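Residue numbers (my numbering): 6 to 168.
Glycine residues also receive a C-beta, built at the ideal position from the N, C-alpha and C atoms.
Remember, it's a predicted structure, so these values are computed and weren't measured experimentally.
Notes to accompany the following structure.
Below, the structure is given as structure tokens:
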């Protein structure tokens with residue numbers, strides 16, 4: 006499980022936070038090196054282990070999930086959980102990510118570092134409800150179970166049977 010890293014964007018009243026999940030020391034230094042560039046008065050990064058409820062609360066309170074993956078993400082549960090909390094995602098378009106969200110609507114995807122920096126400043130354009138609805142329509146328990154059931158029926162040749 007990746008570490009949850011919380012980065013206060015600034016110390017002024019009404020400031021928002023970013024959450025990022027990092028799996029190795031190098032991305033932490035990447036974020037640290039750029040936070041001061043992105044925001045005028047950045048806070049420090051803190052590593053914390055959180056319960057699922059606490060992680061959901063943190064994700065819901067965050068301005069964005071900042072997770073510029075460097076691998077071809079095969080599914081992206083962390084991203085879906087963030088969207089389900091109404092929190093947009095800033096990442097790279099690797100692996101399944103372009104299928105999990107619409108860049109410009111549910112966050113931003115780009116391979117260009119300058120674009121990722123710009124995305125941090127454009128988060129006010131995102132609608133948390135749109136993120137939440139997108140995740141709910143595509144990844145709710147009911148939707149996932151129904152889709153799996155359809156696949157099993159098709160593979161087993163049971164399409165004609167009523168559920």
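By how many angstroms is the C-alpha of residue j removed from the C-alpha of residue i?
i	j	result
residue 118	residue 162	48 Å
residue 1	residue 154	Because the chain is modelled from 6 through 168, residue 1 falls outside the range shown and cannot be assessed.
residue 73	residue 116	9 Å
residue 164	residue 140	27 Å
residue 31	residue 71	Annotation note: pLDDT 48 at residue 31 (below 50); position unreliable, coordinate value reported separately. C-alpha separation (whole angstroms): 15 Å.
residue 160	residue 150	15 Å
residue 69	residue 152	29 Å
Measuring alpha carbon to alpha carbon, tell me which of the options ends up nearest residue i.
i	options	result
residue 178	98, 148, 108 and 135	With the chain covering only 6 through 168, there is no way to say anything about residue 178.
residue 110	166, 94, 116 and 73	94
residue 89	158, 68, 145 and 157	145
residue 132	81, 112 and 166	112
residue 91	157, 137, 84 and 128	137
residue 75	83, 96, 82 and 67	96
residue 143	79, 68, 158 and 86	86
So, with DSSP's three-state summary, where would you put residue i?
i	result
residue 87	helix
residue 75	coil
residue 107	coil
residue 144	helix
residue 131	coil
residue 162	coil
Looking only at DSSP bridge pairs, what is residue i linked to?
i	result
residue 96	114
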